[in-house]
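Everything below concerns the one structure shown next.
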Amino acid sequence: MSEPSNPLLESVTSLKGIGTQMAERLAKLGITTVQDLLFHLPSRYQDRTRIYPIAYATIGTEVLIEGTVVFTDIIFRKRRMMLCHIEDDTARILLRFFYFSSAQQTKLSSGTKIRCFGEIRQGYQQREMIHPEYKILDEQAVEMENTLTPSYPATEGVQQRTLRRLTQEALLFTPDLEDLIPENIRQHYQLPSLQSALQTIHNPPPETVVADLLSGQHPAQKRLIFEEMMAHHLSLSQLKLQTKQLPSLAINKSDTLYQKLLAQLPFTLTGAQTRVIQELFEDMQQPSPMHRLVQGDVGSGKTLVAAAAALFAIESDLQVGLIAPTEILAEQHYQNFRDWLEPLNLEVTWVPGKKHAKQHRSSLEDLALGITDIAIGTHALFQKDVQFNQLGLIIVDEQHRFGVDQRLALREKGKQGEHYPHQLIMTATPIPRTLAMTTCADLDYSVIDELPPGRQVIKTVAIANTRRDEIITRIQAICDQGRQVYWVCTLIEESEALQCQAAEQACELLQENLPTVSIDLVHGRMNGNQKDAVMQMFKKGKTQLLVATTVIEVGVDVPNASLMIIENAERLGLSQLHQLRGRVGRGKDASSCVLLYQPPLSETAYRRINALRETGDGFEIARIDLDIRGPGEVFGTRQTGELRFRIADLMRDQHLLPQVQQASLALQQQDPNAVEKLIQRWIHRADDYVNV
Ligand code: ADP
Ligand code: MG
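Heads up: the sequence shown runs through residues -6 to 685, numbered per the working numbering.
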């Protein structure tokens, strides 16, 4: 809701010289208000505040120089060009122009004094500038810029000059900005005021260290980063508070079904599983909906934790919906839950996508009638036509892209009359704790930090693909022992079609070399039924060697599989390799993973492969991944669930998180009104969900 008195929220068209056409172009840059313009930060700066002696200007830098024209020539090489030689007291330099008029040539006659701005390059014989901006210096002195010149991300039809001018207009338009972070908090964290931060960023004094400004180290930029991070943190904390005020279908404090499940399991739970299950049980007894993230490394036994939560809900006559990211995974959960829950006389229903119309319809009827206790499927489970009788719990498994917006949407979709279902989100993606506290601050957070006992370390070796023969022998031996093998073909290019083709070829080749082994193939282009059929055969042990694309990356569980070969392992990221490898070592047998690579290995590929050989700990692997790839990639949208920042970079600025959390708390206590405004300023989600 814009307060008309706030100049920041006014349309850019209120600024001098912006018509509808310019406004449309600016909108392409995401700029519609004065505030947007002020928060559109420079990506570079130019220094036009001082003149460099020509001799001291280094190659590759953009500088301002001044000199006298020695002579100007037009020459013909591959094309026609004008060469203007100038000199100052220290050296000579060449200005090279490909586009020029004869008037220009005349004006650049010898003896003329000029000032140029451009990048110094190494030419054929001497240093030069190509198409510098220049000004002829006549009698009057030309003034120098007194601040660094910002250079903004631009778009077609919006020139740098325009952006600079408009930004200056915007600064003039907002002479006394309201600061949403009060003075005492600013002082405590050594943050400049918003006004002065913006002033510095758009007009940095000549002595500013540009590198600091661009890397978020400069106090002016830190101030904006800090504010944006506070806004995200506050918004999520507020969501959490709101969630706690919503009504849920609280469950009874009885766990008969769960006890029955425990009694029938062939193993006992790990301490971590028991602890997390207890946390879920307590959450679900609350009169407000649970929103909890459970993180556990591959193989830590998350499915069982989910089953326990499901039983708590079912015990109170509520239904459960479980969503998995792929059909294969959903199908596997379906099998697991049937194995575990059918002996307890519970109804487990598979909800296939609409493509299987008939099956789809009968599943839906069971759901709506309340016959179903737990429904399992992909996102098909939450399409419009799906009606539960009394949905009490939604479980989301391994959805990397499941961000806060999706959580909210799901909450609304699952609403039962006035009541909201509990939500349990499970992930194997290791998110460092501080990061989780911010990106998932709307959720409670549990970690299953223990693997079931007796898990074998997965012996990991790297072998050049020239030694395939040895591997063939190894596969034969494993299969002869009655154990099973995965052969994973990785992405050749972005194209799934090519990937599948490669898998088909690998499959044929292996069959030729291993005539007695039963081999099958699963890839992303097969439909759900086909995939399921293949997976079932593998699970039952009828197939000995499964050739697969990376569709099996998450969750697939076949304990008898004890060898995995990953082809072209050098192409995959560390976390993905870790996930893949987690498909073996799930049973009692010693397992191994062979990383086949195409030599020579690049430096980073070598480090990745080495890391896998050395550790099996998901958190450690995430840490190394971060180290190798740098922040941006690892915790891009994939792992942080689509939190989008304009200025902050969550990984680069991670060190600010503890302070951001403290400061947010302080602001909440001191000025709730400012909290609202801060969220409004930076986050455009809130409105979208109020009226879903
Ligand atoms: P993930 O956390 O990767 O989803 P799963 O839930 O698929 O792991 O569990 C991996 C395997 O470990 C399954 O075969 C499961 O039955 C088994 N498992 C789970 N908990 C235990 C336990 N406490 N002791 C032994 N095996 C367990
Ligand atoms: Mg799992």
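Ideal Cβ placement from N, Cα and C applies to all residues, glycine included.
Fair warning: this is a prediction, and the values are worked out from it, not measured in the lab.
Item, Value
"Could you spell out where the alpha helix (DSSP H) holding residue 295 opens and where it closes?", "295 to 308"
"Provide the residue span of the alpha helix (DSSP H) that contains residue 275, from first to last.", "264 to 277"
"Residue 672 and residue 133: beta carbons closer than 8 Å?", "no"
"Pick from 349, 247, 358 and 320: whose alpha carbon is nearest that of residue 304?", "247"
"Which two residues bound the contiguous alpha helix (DSSP H) that contains residue 92?", "Unbroken run through residue 92: none, as it is neither H nor E."
"Can you find the residues in the same chain that come closer than 8 Å, C-beta to C-beta, to residue 459, ignoring five residues on each side of it along the sequence?", "592"
"Where does residue 634 sit, in a helix, a strand or coil, going by DSSP?", "Because the pLDDT of residue 634 is 40, which lies under 50, any placement of that residue in the model is unreliable, and the question is left without a value."
"Alpha carbon to alpha carbon, how far is residue 409 from residue 282? Give it in angstroms, no decimals.", "12 Å"
"Would you mind sorting residue 91 into buried or exposed? The rule is 16 or more other CB atoms within 10 Å of its CB.", "exposed"
"Does the distance between the C-beta of residue 421 and the nearest non-hydrogen atom of the ligand ADP fall short of 7 Å?", "yes"
"Once the 5 residues before and after residue 669 are set aside, which same chain residues still bring their CB inside 6 Å of it?", "none"
"Rounded to whole angstroms, what is the Cα-Cα separation between residue 661 and residue 219?", "15 Å"
"Which runs of the beta strand (DSSP E) at least 3 residues long sit entirely within the segment 389 to 432? Give them in chain order.", "415 to 420"
"Go ahead and label residue 280 buried or exposed: buried means 16 or more other beta carbons lie within 10 angstroms of its beta carbon, across all protein chains shown.", "exposed"
"Excluding the five sequence neighbours on either side, which residues of its own chain have a C-beta within less than 8 Å of the C-beta of residue 153, listed in chain order?", "144, 145 and 147"
"Alpha carbon to alpha carbon, what distance is there between residue 652 and residue 667?", "18 Å"
"Looking at residue 41: is its Cβ nearer than 8 Å to the Cβ of residue 142?", "yes"
"Please tell me whether, using a cut-off of 7 Å, the distance from the CB of residue 687 to the nearest non-hydrogen atom of the ligand ADP is below it.", "As displayed, the chain neither begins before -6 nor continues past 685, which places residue 687 out of reach and without an answer."
"Is the beta carbon of residue 250 within less than 7 Å of some heavy atom of the ligand ADP?", "no"
"If I'm right that residue 397 touches residue 435 with Cβ under 8 Å, what's the distance once you round it to whole angstroms?", "6 Å"
"Using DSSP with H/G/I as helix, E/B as strand and the rest coil, what is residue 595?", "coil"
"Look up residue 182 in the DSSP assignment and say whether it is helix, strand or coil.", "coil"
"What's the call for residue 95, buried or exposed, on a 16-neighbour Cβ count within 10 Å?", "exposed"
"Is residue 524 near the ligand MG, judged by its Cβ being under 7 Å from some heavy atom?", "no"
"Drop a sphere of 10 angstroms on the beta-carbon of residue 533, count the other beta-carbons inside from all chains shown, and report buried for 16 or more, exposed for fewer.", "exposed"
"Give me the Cα-Cα distance between residue 632 and residue 422, rounded to the nearest whole angstrom.", "Note that residue 632 has pLDDT 39, beneath the 50 cutoff, so the model's placement of it is unreliable and the number below is only indicative. One C-alpha to the other measures close to 7 Å."
"Would you decide whether residue 498 is buried or exposed? Buried here means 16 or more other CB atoms lie within 10 Å of its CB.", "exposed"
"Would you say the segment 108 to 125 touches the segment 49 to 59, given that touching needs at least three Cβ pairs under 8 Å?", "yes"
"Helix, strand or coil for residue 602, going by three-state DSSP, please let me know.", "helix"
"Out of 556, 115, 93 and 125, state which residue places its alpha-carbon closest to the alpha-carbon of residue 107.", "125"
"What span of residues does the beta strand (DSSP E) with residue 75 cover, start to end?", "73 to 80"
"Measuring alpha carbon to alpha carbon, tell me which of 227, 315, 354 and 307 ends up nearest residue 338.", "307"
"Relative to the alpha-carbon of residue 415, which residue among 236, 63 and 442 has its alpha-carbon at the smallest distance?", "236"
"Have a look at the DSSP bridge pairing and note the partners of residue 142.", "39"
"Exposed or buried, residue 677, counting other C-beta atoms within 10 Å across all chains shown (16 or more means buried)?", "exposed"
"Where residue 575 and residue 545 are concerned, what is the direct C-alpha to C-alpha distance, given to the nearest angstrom?", "10 Å"
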